[in-house]
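Residue numbers (the numbering used here): -1 to 378. Beta carbons: idealized from backbone N, C-alpha and C, even for Gly. Contents: one structure, followed by commentary.
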Amino acid sequence: MKSNKILLTLCAAILPALAACGEDDPKAAPISPTPEAQPEAQPEAQPEATPEAQPEATPEAQPEAQPDAEPSPEAEPTPEPAPEPTPEAEPEAEPEAIPMEEIEVLGGDVSGQWCGQVTLRGSARVPAGQTLSICAGSSVRVVPDGGARVALEVEGALQINGSRAARVALTSETSWAGIVVSGRLDAAFIDVSRAERCLRGQATSEINVSEATFTQCGTSLVLANGGTFDRTTIIGGDSVSIDGGVLRMADSTIDFQTNGDVPDCTRWSRGGAVLDHVLFTGCHCPLHFGATTEEVTVTNSIFDRATFPIMVANIQGTFSHNHILGGISQILDIGGGIDIDIRDNYYGGQAPDIGTNDMGQFRNADAFLAEPVTDVGPRD
């Protein structure tokens, strides 16, 4: 009886549970469905939620914030070309500030500064140890009182400070003695005219001239101690005379505007020469060396429209890379005592015609050029 009661009790407890489990599908009673549902839910939820939320939020937010913040420090240093406007052309305005006025000089000792329209009525002298400066754009007009012979004598220093846009003129309505230098002359962009002698340099003179013209003078240059002349033009007058020192001339022109007639363009009785890129034309003899006491060098120059382009005696030196054209003889021996090297000159494509009884004085005469030289004469 007891065992029957136990069985009934167990059946009563188990039957409701079995009924509950088999309500949906009595065939799916095994417990296997539960483990299959759990593994499918976990892999789908974890990989899809975590990787999509984290990579999209963090990488896009950081790169966009950093480039926006970096340009600001780069934009600040760039506008630092502010110091460049400071070097304005203020120094060039200083010469314009010098007053240009009308000045009348009766003569006597002069120094200081002439700026403007200067009327010189009597001879003026710059004493030793003093300086006279003439400003750019000024003019000195000689108007002699009572027909006096007026000269500008320089025992100290004369500075003529012309410029390309504002040259300095020294002239006269009639005639004047010209500039006489026993001290020092430094002149640029000057025009000297209508003088007996445009410029006379004595034995103690120091002369440096550039961008100058000497016209309508009885004689343009008379030099006892040479001088330096760059980009200088001499038109007409009597021969340029050198009686000592060295005449240094470059990129210049001496034109007496004749077709081989007298006078000679130049004459040496002492001293020497360094001539480079010079045009000598329109005179009887462009280079007349009667005697020299210093070396002579002539290069890259032109000699034409002359009866005798070069006449030489008592000279040592070199003539090279020149155009020596026309004339009865291109080089004429007028006294012997010659020792010059004349290699590499152009004589119109032919051998030079040298008037001499002693060809041994002219070294390398057979080394002439058959074709013209391109880089000769004054350069621009």
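A direct Cα-to-Cα measurement between E151 and E204 gives close to 14 Å.
By DSSP's assignment, Q314 forms a beta bridge with D337.
Its chain contains D342, N343, Y344 as the residues whose beta carbon lies nearer than 7 Å to that of L367, once the 5 sequence neighbours on both sides are disregarded; these appear in chain order. Looking only at S161, A126, M309, Q115, the smallest Cα-Cα distance to V207 is reached by S161. In this structure, the CA atom of S131 is about 39 Å from the CA atom of F317. Here A185 is near A210, since their CB atoms are less than 9 Å apart.
In the DSSP assignment, A155 falls within the beta strand (DSSP E) that extends over 155 to 159.
Excluding residues up to 5 positions away in sequence, A368 lie with their Cβ nearer than 6 Å to the Cβ of G347 in the same chain. Taking 9 Å as the cut-off, the beta carbon of I101 is found closer than this to the beta carbon of G114. Taking F212 as reference, the option from G242, G224, G176, R246 with the minimal CA-CA separation is G176. A straight-line Cα-Cα distance of about 40 Å links F187 and R361. A straight-line Cα-Cα distance of about 23 Å links G224 and V166. Taking the Cα positions, E153 is about 34 Å away from R377. In this structure, R139 places its C-beta atom within 9 Å of the C-beta atom of E171. Residue state for M98 is assigned as coil, using DSSP reduced to three classes. Look at D143 here: in three-state DSSP terms it is helix.
By the 16-neighbour rule on beta-carbons within 10 angstroms, V116 is buried.
Annotation: the stretch 286 to 315 contains the following complete segments of the beta strand (DSSP E) (minimum length 3 residues), in chain order: 294 to 297, 300 to 302, 308 to 310. Per DSSP, reduced to three states, the secondary structure at G346 is coil, with no helix or strand assignment. Between G135 and A164, the alpha-carbon positions lie close to 4 Å from each other. Listed as beta-bridge partners of Q128 by DSSP are no residues whatsoever. Where A149 is concerned, the enclosing beta strand (DSSP E) starts and stops at 149 to 152. The straight-line gap separating the alpha-carbon atoms of V141 and A122 is approximately 13 Å. Around the CB of P370, fewer than 16 other CB atoms lie within 10 Å, so the residue is classed as exposed. Q255 sits in coil when the DSSP states are folded into three classes, being neither helix nor strand. If the five residues before and after A365 are omitted, its C-beta is found closer than 7 Å to the C-beta atoms of R341, D342, all from its own chain and listed in chain order.
By the C-beta density criterion, L104 is exposed, having fewer than 16 other C-beta atoms within 10 angstroms. When the five nearest sequence neighbours on each side are left out, the beta carbons in the same chain lying within less than 6 Å of the beta carbon of L221 are those of G199, I240, in order along the chain. In this structure T372 is exposed. Its beta-carbon is surrounded by fewer than 16 other beta-carbon atoms within 10 angstroms. A Cβ-Cβ distance of about 5 Å is found for the pair T251 and T231, placing them in contact under the 8 Å criterion. Residue V310 holds the alpha-carbon nearest to the alpha-carbon of D339 among G269, L197, V310, S180.
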